[in-house]
Amino acid sequence: MQVTETLSQGLKREYKVLLSAKDLADRLEAQLVEMKDKVRINGFRPGKAPISHLRKLYGRSIMGDVVQNAVNEANRQIIDDKGLRLAAEPKLDFPGEQAEMEKVMEAQGDLAFTVALEVLPAFDIGTFEDIAIERPVADIADSDVDTVLERMAAQNRKFDAKAEGAEAADGDKLTIDFTGKLEGVPFEGGTGGDVDLVIGSGSFIPGFEEQLVGAKQGEERTINVTFPENYNAAHLAGKAATFDVTVKAIAAPGETVIDDELAKAYGFEDLAKFKEAIHENLSRDFARVSRERLKRELLDALDAKYSFELPETLVEQEFAGIWNQVEAEQKQSGKTFADEGTTEEEQRAEYKRIAERRVRLGLVLAEVGEKAGVQVTDDEVTQGIIERARAYPGQEKMVWDFYRKNQQALAEIRAPIFEEKVVDHIVAQAKVTDKKVTREELFKVNEDGETA
Numbered sequence: 001m002q003v004t005e006t007l008s009q010g011l012k013r014e015y016k017v018l019l020s021a022k023d024l025a026d027r028l029e030a031q032l033v034e035m036k037d038k039v040r041i042n043g044f045r046p047g048k049a050p051i052s053h054l055r056k057l058y059g060r061s062i063m064g065d066v067v068q069n070a071v072n073e074a075n076r077q078i079i080d081d082k083g084l085r086l087a088a089e090p091k092l093d094f095p096g097e098q099a100e101m102e103k104v105m106e107a108q109g110d111l112a113f114t115v116a117l118e119v120l121p122a123f124d125i126g127t128f129e130d131i132a133i134e135r136p137v138a139d140i141a142d143s144d145v146d147t148v149l150e151r152m153a154a155q156n157r158k159f160d161a162k163a164e165g166a167e168a169a170d171g172d173k174l175t176i177d178f179t180g181k182l183e184g185v186p187f188e189g190g191t192g193g194d195v196d197l198v199i200g201s202g203s204f205i206p207g208f209e210e211q212l213v214g215a216k217q218g219e220e221r222t223i224n225v226t227f228p229e230n231y232n233a234a235h236l237a238g239k240a241a242t243f244d245v246t247v248k249a250i251a252a253p254g255e256t257v258i259d260d261e262l263a264k265a266y267g268f269e270d271l272a273k274f275k276e277a278i279h280e281n282l283s284r285d286f287a288r289v290s291r292e293r294l295k296r297e298l299l300d301a302l303d304a305k306y307s308f309e310l311p312e313t314l315v316e317q318e319f320a321g322i323w324n325q326v327e328a329e330q331k332q333s334g335k336t337f338a339d340e341g342t343t344e345e346e347q348r349a350e351y352k353r354i355a356e357r358r359v360r361l362g363l364v365l366a367e368v369g370e371k372a373g374v375q376v377t378d379d380e381v382t383q384g385i386i387e388r389a390r391a392y393p394g395q396e397k398m399v400w401d402f403y404r405k406n407q408q409a410l411a412e413i414r415a416p417i418f419e420e421k422v423v424d425h426i427v428a429q430a431k432v433t434d435k436k437v438t439r440e441e442l443f444k445v446n447e448d449g450e451t452a
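1 is the number of the first residue of the sequence shown in our numbering; add one for each residue after it.
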């Protein structure tokens with residue numbers, strides 16, 4: 001087998017592979033000899049069938065295996081001899097007419113094909129001592145705990161029926177029937193019966209609840225609203241609608257009491273234990289957001305630190321995944337690029353940059369992890385599956401079996417664990433400074449709309 005490199009440009013490699021007709025014939029002959037003593041053919045004693053007869057019966061089928069084995073051998077030889085790390089599966093091209101391949105299958109013509117590869121870039125990781133990042137940290141104030149307590153007390157409070165003829169006020173709980181209409185025609189999903197609604201809770205679309213202030217039990221009202229532009233049902237987004245509402249009951253909120261009884265209602269021994277649990281939950285939330293902010297800043301620093309050629313195949317795959325999501329969201333919302341004040345060309349360019357960033361950071365983190373010997377243990381993967389299964393109450397076994405039987409899905413559990421461990425490895429070497437911030441600053445929305 002002859003392997004000749006015909007292209008070496010950037011990350012792209014191309015090789016021409018040639019296997020002579022004689023080599024093909026020899027390989028075919030060897031396979032036929034090997035099978036001679038294993039097959040039973042009518043009219044011949046075991047092991048006595050002529051090779052020519054075996055070739056007539058099985059030659060073409062075996063030649064298919066010979067060609068496939070030759071392709072696999074060529075790929076292994078190219079990768080091993082050159083020490084290549086592939087970015088994607090090799091692409092094979094068998095040039096020539098069908099008649100030439102027929103000759104190959106008869107071991108009467110040379111097998112010639114090309115192997116096109118794209119390799120991973122080689123780059124120096126260096127050290128991370130030059131990376132300086134800030135970790136925002138916020139203290140949990142007593143007022144933060146009180147806010148949670150007040151919200152939970154409000155959720156647990158009782159409502160008392162108002163006297164007949166009383167008007168609904170902000171904070172009251174109404175029991176209503178309603179029918180939603182678009183241009184006078186009821187729409188799917190717009191009808192409800194015996195629905196509880198607390199005025200001011202914001203649980204209905206904007207403008208709905210406010211129009212029920214002043215209503216009385218038994219009263220019928222027509223509510224006029226406009227669905228938000230980003231409403232999750234595309235056929236309703238941005239549309240004006242009316243709701244025929246019947247108020248069936250009105251109840252006033254009782255006093256919110258924060259005491260030991262409230263704590264017991266939520267399963268705690270007393271109010272002090274309840275406050276401790278709330279504080280612990282807030283601590284975990286604050287730590288999680290602080291970590292996400294730190295990681296985001298670290299990834300920005302890594303993106304700026306490294307510059308190398310990216311495999312086009314990986315970038316195209318990443319972009320395709322992002323763009324498919326963009327198109328799906330547009331289809332669901334019914335919006336166009338023009339509605340967003342942009343163009344498809346501008347958005348393609350923007351998402352191409354995002355795809356490039358993701359590929360670059362993915363390669364950097366993978367290289368750092370490999371060099372540092374970062375490993376994800378089976379116990380860590382198992383714990384990851386358990387956490388994922390908890391998100392589907394009642395279906396835990398189905399989720400567990402799915403991941404255990406699906407290697408690709410299992411890799412989706414392993415990958416983020418690996419990434420977090422690599423981030424920890426880098427953070428341990430970088431210059432990290434804790435920066436005191438307020439709760440509002442910690443949870444603020446980024447310029448790109450992402451909330452930590």
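We put the beta carbon where it would ideally sit given N, CA and C, even for glycine.
Separation of residue j from residue i, as counted between CA atoms
i    : j    : result
A452 : I199 : Below a pLDDT of 50, predicted positions are generally treated as unreliable, and A452, at 35, falls in that range; no measurement from the model is reported.
V213 : A169 : 5 Å
R348 : A430 : 34 Å
I140 : S283 : 7 Å
Q195 : Q155 : In the sequence on display, residue 195 carries Val and not Gln. Near 17 Å, if we compare the C-alpha coordinates of Q155 and V195.
E447 : V427 : Confidence is the limiting factor: at E447 the pLDDT is only 45, short of 50, which leaves the residue's position unreliable, though a coordinate-based value still follows. If you take the alpha carbons of E447 and V427, they lie about 24 Å apart.
E261 : E280 : 20 Å
A366 : K444 : 30 Å
K12  : L92  : 14 Å
G394 : K16  : 56 Å
E316 : K295 : 25 Å
D146 : V257 : 12 Å
K352 : T438 : 35 Å
F462 : T382 : The structure shown has nothing for residue 462, since the chain only spans 1 to 452.
N72  : Q9   : 24 Å
G126 : R357 : 19 Å
D401 : Y266 : 34 Å
Assigned exposure category for residue i - 16 Cβ within 10 Å defines buried
i    : result
I386 : exposed
I354 : exposed
Y403 : buried
E276 : exposed
E450 : Bear in mind that the predicted position of E450 carries a pLDDT of just 45, short of 50, making it too unreliable to give a figure here.
S307 : exposed
D379 : exposed
F44  : exposed
F218 : Looking at the sequence shown, residue 218 is not Phe but Gly. Exposed: under 16 other Cβ atoms inside 10 Å.
G384 : buried
Selected residue, minimal CA-CA separation from residue i, among the options
i    : options                : result
A251 : I258, T226, E261, K216 : K216
K248 : E183, I322, G184, A166 : A166
L363 : L86, K38, Q68          : L86
A304 : W323, L361, K275, E344 : L361
V225 : D160, G218, N232, A240 : A240
E106 : R357, G64, E309        : G64
V245 : E220, E5, L302, S333   : E220
D259 : E350, Q98, R157        : R157
M35  : S52, I417, D144, L19   : S52
A122 : E309, E292, T382       : E309
Q31  : N42, E5, N69, L19      : N69
K153 : Y392, E419, L271, V289 : Looking at the sequence provided, one finds Ala at residue 153 rather than Lys. Ranking the options by Cα distance to A153, first place goes to L271.
R293 : I133, Q375, D81        : I133
K38  : D26, R27, L54          : L54
G190 : R135, A74, A233, E344  : A233
I79  : V67, L120, D172, I41   : L120
Endpoints, the beta strand (DSSP E) within which residue i is located
i    : result
A240 : 240-253
P136 : 132-137
F94  : Here F94 belongs to no beta strand (DSSP E), and DSSP marks it neither H nor E.
R40  : Note, R40: premise wrong, no beta strand (DSSP E); not H, not E.
F187 : 185-198
N224 : 220-226
Where the alpha helix (DSSP H) containing residue i begins and where it ends
i    : result
S20  : Segment: none, S20 is in no alpha helix (DSSP H) and carries neither H nor E.
T343 : Per DSSP, T343 belongs to no alpha helix (DSSP H) and is neither H nor E.
G10  : It is not in any alpha helix (DSSP H) - G10 carries neither H nor E in the DSSP assignment.
N324 : 312-333
V104 : 98-105
V145 : 142-156
T175 : From DSSP, T175 is part of no alpha helix (DSSP H) but of the beta strand (DSSP E) over 173-182.
Residue j beta carbon less than 8 Å from that of residue i
i    : j    : result
L7   : E14  : yes
G180 : P186 : yes
V319 : P253 : Note that residue 319 is Phe in the sequence shown, not Val. For F319 and P253, no; Cβs fall outside 8 Å.
N230 : S333 : yes
E118 : T313 : yes
Q77  : V3   : yes
H425 : V376 : no
K20  : D81  : Checking the sequence, you will find Ser at residue 20 rather than Lys. No.
F418 : V359 : no
Test: residue i CB closer than 8 Å to a CB of chain B
i    : result
M152 : Absent here is chain B; the protein component of the structure consists of one chain.
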